[in-house]
Structures are given as structure tokens and as C-alpha cells.
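>
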Amino acid sequence: MNYFFQSIKGMHDYLPEQTILWNKIEDIFKKILHNYGYCEIKLPILEKTILFKASIGEMTDIIGKEMYSFHDKNNLSITLRPEATTSCVRSIIQNKLIYHKKQKLWYYGPMFRYERPQKGRYRQFYQFGLETFGFFELDIEFELIILVNKFWKALGISRFLTLEINSIGLLSERNAYQMELRNFLKTYESYLDNICIRQLNKNPLRILDSKNKNIQKILLKAPNLIDFVNTKSRLRFEKLCNLLSNFNIPYTINYKLIRGLDYYNDTVFEWKTNYIGSQNAICAGGRYDTLVKRLLGPDTPAAGLAIGMDRLILLIQSLNLFSQKNIETDIHIFFSNKSIKNRAIFLSEEIRNEFPKLKILLEFQSKKINTIFKNIKKYFTKIILFIQSENIIYLYDVICKKNQIINSNNINIMIKNIFNFYTK
Ligand code: ATP
Ligand code: MG
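Here is the structure:
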């Protein structure tokens with residue numbers, strides 16, 4: 165094994181067994197998104213660094229230490245996107261998608277953050293994101309929550325996730341709260357760990373996320389952001405809680421839930437799980453009513469969320485919800501000797517044309533029937549076709565363990581019958 169040429173730390177390959185699962189999840193999401201009137205937007209992976217600085221906030225972890233920024237040949241500072249809400253807002257302003265129009269958009273793709281790699285936290289990771297523009301009422305937050313719950317239900321993972329919500333008011337209110345929190349934590353400085361001490365001056369709100377049990381204990385006595393939040397925002401939050409309760413949507417209020425990006429306001433939410441270790445947030449989002457204006461667009465209410473696909477995959481895999489079926493081959497075609505290879509190619513093409521949805525493999529080298537049967541478990545195949553000679557073809561139904569000689573004229577009818585039988 166050559167250890168010299170390895171992928172960059174925190175950046176992974178996703179291999180075929182996993183990509184099958186990714187595609188399945190994507191298909192499920194896309195169908196539900198269409199159902200709710202969302203359209204896809206494709207955005208560049210690189211943007212000007214000043215764009216992210218303007219939107220995410222100078223004091224955040226992302227801007228402070230996680231950006232992949234460098235200069236291009238024209239000496240322009242550019243950055244591999246750490247998230248895509250910013251690009252999405254830039255795009256809708258630039259392309260005039262929001263003047264007197266509402267928008268429901270989704271995107272999917274890799275994000276880059278220079279973080280400390282660990283299980284569930286990578287330097288290249290994938291987000292499936294939803295962004296909505298022009299919806300002022302809280303109905304949109306509610307609809308986003310219902311929609312994401314539909315995703316979980318369709319994947320069969322609802323019971324492994326909990327929804328946490330909070331209202332974080334305005335940035336100015338968070339700044340006032342931040343000062344109070346800092347003063348409170350300073351009285352406990354000797355009990356804080358090194359990470360918290362570093363965060364205390366720079367960004368004390370991050371301490372609320374601390375996984376350290378002692379710090380969590382201290383935080384129980386800390387002031388709560390909700391007490392600094394304006395009445396309008398609190399009323400809105402109350403209404404959202406009532407709506408969720410009326411529709412029997414389970415949720416927990418977490419007054420310590422604060423997003424790591426500056427642009428959020430009022431409602432924020434996160435889905436967490438206990439099944440993938442400490443990096444447990446699978447999906448996060450909220451309102452960001454000031455961002456469009458901050459990026460010099462028209463005053464436009466907005467709300468959105470992002471699902472961390474890598475963590476979602478970890479969860480599905482840890483629950484063993486992914487069955488072997490997904491990598492099965494429907495038909496595997498073999499032939500007995502070189503002289504009938506062309507015949508085998510011809511037949512495979514005919515079968516593929518007739519059954520475009522089935523997965524059909526043709527073995528390019530001739531094989532002995534005995535070796536095929538010895539390795540049958542390796543192929544995860546439903547039907548084996550063995551072309552013995554021009555006219556003698558064996559069809560072996562692996563599931564029913566039935567072998568028969570068939571005529572090349574009725575191959576398609578035989579296959580149809582077998583697959584009809586399985587799908588009934
Ligand atoms: P965290 O608190 O886990 O760092 P965050 O607040 O930075 O998350 P967001 O920027 O809101 O997260 O991203 C939304 C989702 O994207 C997260 O809930 C998570 O599932 C996923 N995510 C964020 N950073 C990473 C990463 N470095 N590796 C893998 N997934 C990530
Ligand atoms: Mg983060």
C-alpha cells in the first residue's frame with residue numbers, strides 16, 4: 165500500500181456501495197421537494213472571500229479559522245464555499261429573482277471548512293440545503309419543519325431524531341446577551357477548559373455548545389438568551405410552538421441553541437441524533453431576514469436549512485437500514501467460450517433494450533459453468549444466463565434455485581415472467 169498519495173486530511177472518497185445510498189436519499193428528497201414547489205439552484209463552489217466575510221460575520225468560527233481562502237492568478241482573494249446560503253443570496257440578488265417574487269430553492273453539493281477532522285466532522289462535506297425568500301409569516305418555518313420531517317419519515321429514521329427549537333431574536337440582542345454571558349462565565353473562569361477560555365473573549369456564545377459535562381453544569385445557572393429577546397420574536401416563537409403542538413410534531417425547546425453564523429434571527433432549529441457520536445446535528449436552519457439586505461439586495465424575509473449529508477449517511481449506516489439489495493444485479497450474463505462472445509454481446513444488448521430499468525452485467529471473459537456456481541454468492545444476482553452455444557442457453561433463477569435450458573427466442577418472455585413474479 166502506498167501511503168504517499170493519499171487524499172487530503174478530512175476529505176473522503178465515497179465508494180460505490182455508499183453512493184448508491186446517497187443517490188437513493190437524493191431521489192427521495194427531490195420528490196418531496198417537488199411536492200412542495202421547490203426548484204433547484206446550482207451555485208459556484210468558489211466565491212469572492214469578501215462575500216463570506218460580509219455575510220457570515222467576522223467573529224464566527226467559520227470566518228475566524230475555517231475558510232479555505234487563497235489568491236487566484238489575478239490576485240483576487242477567493243474562498244471555497246464553507247456553506248451555500250451566502251452564495252444563494254448573492255445569486256438571487258445578482259439574477260434579480262426576488263423583486264416582487266417569492267422563491268423556494270434547493271441546492272446540493274460540497275462545502276469546505278478547515279475544521280479538526282473527526283467522525284461526522286470533515287473538511288469537505290456535503291449539504292443538501294433549502295432556502296426560501298419573500299415569506300414573512302412563520303408559516304414558512306412551520307412548513308420547512310413539516311417538510312424535513314417528511315424526509316425523515318420517508319427514510320424511516322424519524323424515531324432516531326429529535327427536533328430542537330429556539331428563538332434567538334436580533335443580532336443586537338445576541339450581542340447584549342453575549343456580554344452578560346461573558347460576565348457570568350468569568351466568575352467561573354478557574355473551572356473552564358482551555359477551549360472555553362479561548363472562546364470567552366472571542367465568541368462566548370460558542371461555549372453554549374460545549375460537550376464538557378462540568379461546563380454544561382455551570383451553564384445551567386447561566387442567563388438565557390430568550391430573556392434578552394424582543395417581545396415580537398417571543399410571541400412568534402410561542403405561536404410556532406403552538407402550531408407544532410397542534411399538529412402533534414414532537415419538539416424540545418432548547419434555550420441554549422444558537423447557530424454558528426451571525427445572519428440568523430428569531431426562529432432557529434436543529435435535528436439531533438444519539439446514534440452517531442458527539443457530532444450529532446444532522447440538520448440545522450432558521451430565519452435570516454437581514455441577510456439579503458446585508459448583501460445589498462432589497463429587504464427580503466428569508467428562512468432556510470441545511471442537512472449534513474455525511475452525518476445522515478453515518479446515521480443510516482449505523483442503524484443498518486441499508487440492505488444488501490441495493491447492490492444486487494438483476495441479470496448476469498456469461499458465455500462458455502470465445503467463439504460465441506459476439507453472440508453474448510448481441511443478446512445482452514437485446515435484453516438491455518427490452519428491460520432498460522434492470523441492472524444487467526455481461527462478463528467479458530468466457531467462464532466454466534462450475535466456477536460461476538461456485539462464486540454465485542459474490543454476485544448478488546437474481547438471474548444468471550449462461551450461453552453455452554449459439555442455441556443452448558441456461559437460465560438459472562438464483563432465488564428459486566431453478567435451472568432450465570431456454571430458447572433464445574423466448575428469453576425476454578422468461579425474464580419478464582420472473583421479474584413480474586418478484587414484484588408481485
Ligand atoms: P456544528 O455545530 O456541527 O459545527 P454548524 O452550526 O457549523 O454545525 P451549519 O453550518 O449550520 O452547522 O451546517 C448544517 C449542517 O451541516 C450541520 O448540522 C451538520 O450536519 C453539517 N455540517 C456542518 N459542518 C460539518 C462538517 N465539518 N462536517 C460534516 N458535516 C458538517
Ligand atoms: Mg461548525
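Okay, so the sequence shown: first residue is 165 according to the working numbering, each after it adds one. From the three backbone atoms N, C-alpha and C, an ideal C-beta is built for every residue, glycine too.
(1) May I ask you to report which of helix, strand or coil DSSP gives Met-231?
(2) Could you tell me which residues DSSP puts in a beta bridge with Tyr-558?
(3) Check Asn-330 in the structure and name its three-state DSSP category.
(4) Are there 16 or more other CB atoms within 10 angstroms of the CB of Arg-254, so buried, or fewer, so exposed?
(5) Do you know offhand how far Ile-172's Cα is from Leu-483's?
(6) Counting Cβ pairs closer than 8 Å, one from the segment 268 to 283 and one from the segment 292 to 302, do we hit at least three?
(7) Opposite Arg-423 in the DSSP bridges: which residues?
(8) Along the alpha helix (DSSP H) that carries Phe-193, what are the first and last residues, could you check?
(9) State the beta-bridge partners of Ile-524 as determined by DSSP.
(10) Between Tyr-427 and Leu-455, is the Cβ-Cβ spacing less than 7 Å?
(11) Please name the residue in Phe-519, Gly-424, Gly-228 whose C-alpha comes closest to that of Leu-335.
(12) Just curious, the beta strand (DSSP E) that Tyr-290 is in, first and last residue?
(13) Does the segment 460 to 473 come close enough to the segment 515 to 523 that 3 or more CB-CB pairs lie under 8 Å?
(14) Whole angstroms are fine: how far does the CA of Lys-377 sit from the CA of Ala-470?
(15) When DSSP labels each residue in this structure, what does Tyr-271 get in the three-state scheme?
(16) Distance check for Ile-504 and Leu-319, CA to CA, integer angstroms please.
(17) Please report the straight-line C-alpha distance between Arg-451 and Phe-510, rounded to a whole angstrom.
(18) Give me whichever residues DSSP pairs with Ser-241 in a beta bridge.
(19) With burial defined as no fewer than 16 other Cβ atoms inside 10 Å of the residue's Cβ, what is the status of Phe-297: buried or exposed?
(20) May I ask you to report which of helix, strand or coil DSSP gives Val-393?
(21) State buried or exposed for Asn-429, treating a residue as buried only when at least 16 other CB atoms are found within 10 Å of its CB.
(22) When the Cα atoms are used, what is the spatial distance from Leu-384 to Leu-345?
(23) Quick one, are the C-beta atoms of Thr-535 and Val-562 less than 7 Å apart?
(24) Three Cβ pairs or more, each shorter than 8 Å: is that satisfied between the segment 345 to 354 and the segment 379 to 397?
(25) Identify the continuous alpha helix (DSSP H) that holds Glu-514 and give its terminal residues.
(26) Using a Cβ-Cβ cut-off of 8 Å (strictly less than) and excluding sequence neighbours within five positions of Arg-338, which residues of its own chain qualify?
(27) With a threshold of 6 Å (Cβ to nearest heavy atom), would Ile-557 be considered close to the ligand ATP?
(28) Counting C-beta neighbours from all protein chains within 10 Å, is the total for Lys-317 16 or more, i.e. buried, or is it exposed?
(29) Could you check whether the segment 188 to 195 touches the segment 299 to 306, counting it as contact only if at least three pairs of C-beta atoms, one from each stretch, sit closer than 8 Å?
(30) Do the segment 212 to 221 and the segment 258 to 265 touch if we need at least three Cβ pairs shorter than 8 Å?
(31) Hey, Phe-324 and Thr-437: beta-carbon distance below 7 Å or not?
(32) Could you check where the beta strand (DSSP E) with Phe-433 kicks off and where it finishes?
(33) Please determine whether the Cβ atom of Gly-424 lies at a distance below 6 Å from any heavy atom of the ligand MG.
(34) Strictly by DSSP, which residues pair up with Gly-468?
(35) Please report the straight-line C-alpha distance between Ile-371 and Gln-363, rounded to a whole angstrom.
(36) Taking 6 Å as the cut-off, is the CB of Asp-474 close to at least one heavy atom of the ligand ATP?
In this structure, then:
(1) In the sequence shown, the residue the question calls residue 231 occupies position 67. Assignment of Met-231 by DSSP, reduced to helix, strand and coil, places it in the coil class.
(2) Start at 1 with the first residue of the sequence shown, and residue 558 comes out as number 394. Beta-bridge pairing links Tyr-558 to Phe-550, Ile-569.
(3) Sequence index remark: in the sequence shown, residue 330 carries index 166 (1-based). Three-state result, Asn-330: strand.
(4) Residue mapping note: residue 254 aligns to position 90 of the sequence shown, counting from 1. So Arg-254 ends up on the buried side.
(5) Here residue 172 refers to the residue found at position 8 when the sequence shown is read from its first residue. Here residue 483 refers to the residue found at position 319 when the sequence shown is read from its first residue. Computed Cα separation, rounded: 28 Å.
(6) These segments touch.
(7) Position 259 of the sequence shown holds residue 423. Paired residue(s): none; Arg-423 is not in a bridge.
(8) Counted from its first residue, the sequence shown places residue 193 at position 29. Run containing Phe-193: 180 to 199, per the alpha helix (DSSP H) assignment.
(9) Residue mapping note: residue 524 aligns to position 360 of the sequence shown, counting from 1. DSSP lists Ile-495 as partners of Ile-524.
(10) For the purposes of this step, residue 427 is taken as residue 263 along the sequence shown, with counting starting at 1. For the purposes of this step, residue 455 is taken as residue 291 along the sequence shown, with counting starting at 1. Leu-455 is positioned such that its CB atom lies closer than 7 Å to that of Tyr-427.
(11) In the sequence shown, the residue the question calls residue 335 occupies position 171. Looking only at Phe-519, Gly-424, Gly-228, the smallest Cα-Cα distance to Leu-335 is reached by Gly-424.
(12) For the purposes of this step, residue 290 is identified with residue 126 of the sequence shown, where counting begins at 1. Counting along the chain, Tyr-290 sits inside the beta strand (DSSP E) bounded by residues 288 to 297.
(13) The way I'd put it, the segment 515 to 523 doesn't touch the segment 460 to 473; fewer than three beta-carbon pairs between them come closer than 8 Å.
(14) By 1-based counting over the sequence shown, the position of residue 470 is 306. By 1-based counting over the sequence shown, the position of residue 377 is 213. C-alpha separation (whole angstroms): 28 Å.
(15) Here residue 271 refers to the residue found at position 107 when the sequence shown is read from its first residue. If DSSP states are grouped into helix, strand and coil, Tyr-271 belongs with the strands.
(16) The residue labelled residue 319 in the question sits at position 155 within the sequence shown. The residue labelled residue 504 in the question sits at position 340 within the sequence shown. Each residue's CA atom was taken as its position, placing Leu-319 and Ile-504 some 45 Å apart.
(17) Residue mapping note: residue 451 aligns to position 287 of the sequence shown, counting from 1. Residue mapping note: residue 510 aligns to position 346 of the sequence shown, counting from 1. Those two C-alpha atoms are separated by around 58 Å.
(18) Numbered from its first residue, the sequence shown carries residue 241 at position 77. Answer is His-235, bridged to Ser-241.
(19) Along the sequence shown, one-based indexing puts residue 297 at 133. Classification for Phe-297: buried.
(20) Position 229 of the sequence shown holds residue 393. Coil at Val-393, not helix or strand.
(21) Taking the first residue of the sequence shown as position 1, residue 429 is located at position 265. Asn-429 should be labelled buried.
(22) In the sequence shown, residue 384 corresponds to position 220, counting from 1. In the sequence shown, residue 345 corresponds to position 181, counting from 1. Those two C-alpha atoms are separated by around 12 Å.
(23) Within the sequence shown, residue 535 is the residue found at index 371, counting from 1. Within the sequence shown, residue 562 is the residue found at index 398, counting from 1. No, these two residues do not count as a Cβ contact at 7 Å.
(24) With a cut-off of 8 Å on Cβ pairs, the segment 345 to 354 is in contact with the segment 379 to 397, counting three or more such pairs.
(25) Position 350 of the sequence shown holds residue 514. Annotation for Glu-514: the continuous alpha helix (DSSP H) segment containing it runs 505 to 518.
(26) On the sequence shown, residue 338 is found 174 positions in, with the first residue counted as 1. Sequence-distant Cβ neighbours of Arg-338 in its own chain, meaning closer than 8 Å and more than five residues away, are Ile-332, Leu-369, Leu-389, Phe-392, Ile-422.
(27) Sequence index remark: in the sequence shown, residue 557 carries index 393 (1-based). Checking every heavy atom of the ligand ATP against the Cβ of Ile-557, none is found closer than 6 Å.
(28) Along the sequence shown, one-based indexing puts residue 317 at 153. With fewer than 16 other Cβ atoms within 10 Å, it is exposed.
(29) The segment 188 to 195 is not in contact with the segment 299 to 306.
(30) Inter-segment contact for the segment 212 to 221 and the segment 258 to 265 is absent: fewer than three beta-carbon pairs are separated by less than 8 Å.
(31) Here the question's residue 324 lines up with position 160 in the sequence shown. Here the question's residue 437 lines up with position 273 in the sequence shown. Judged by their CB atoms, Phe-324 and Thr-437 are nearer to each other than the 7 Å cut-off.
(32) Within the sequence shown, numbered from 1, the residue matching residue 433 stands at position 269. Run containing Phe-433: 429 to 436, per the beta strand (DSSP E) assignment.
(33) Counting from 1 along the sequence shown, the entry for residue 424 is found at position 260. Taking 6 Å as the cut-off, one finds at least one heavy atom of the ligand MG near enough to the beta carbon of Gly-424.
(34) The residue you call residue 468 lines up with position 304 of the sequence shown. DSSP, once it has assigned bridges, lists Glu-295, Gly-450 as partnering Gly-468.
(35) For the purposes of this step, residue 371 is taken as the residue at position 207 of the sequence shown. For the purposes of this step, residue 363 is taken as the residue at position 199 of the sequence shown. Going by the C-alpha atoms only, they are around 7 Å apart.
(36) Stepping through the sequence shown from its first residue, residue 474 is reached at position 310. Because some heavy atom of the ligand ATP lies under 6 Å away, the Cβ of Asp-474 counts as near it: yes.
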